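Data block below; observations after.
Residue numbers (my numbering): 69 to 148.
See the structure below:
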């Protein structure tokens, strides 16, 4: 998905929880149950402007991302 030329993705994956044994070193990985995790990636290249101008552009872009994500959530369009 693109928002104001920012590349945004949310990908679902899974992980297995582990517990540390009494020796403090050995980990017991529970492979019987998978827990969901989400990978959020956001990127954009800013070529022009000073550092301060770029920070202001980033703030503006992030505000637009938040607005768009809220809109997506309200309409249950959770596939990104």
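For glycine and all other residues, C-beta sits at the position ideal for the given N, C-alpha and C. Bear in mind the structure is a predicted one, so any value in this text is a computation, not a measurement.
Report task. In the DSSP assignment, find the alpha helix (DSSP H) that holds residue 149 and state where it starts and stops. Result -> Here the chain has residues from 69 to 148 only, and residue 149 is not among them.
Query raised in the report: Where residue 107 and residue 90 are concerned, what is the direct C-alpha to C-alpha distance, given to the nearest angstrom?
Result: 32 Å
Query raised in the report: So what does residue 74 bridge to, in DSSP terms?
Result: 71
Query raised in the report: Between residue 75 and residue 111, is the Cβ-Cβ spacing less than 7 Å?
Result: yes
Query raised in the report: With a CB to CB cut of under 6 Å and the five nearest residues on each side skipped, what residues in its chain are close to residue 129?
Result: 72 and 74
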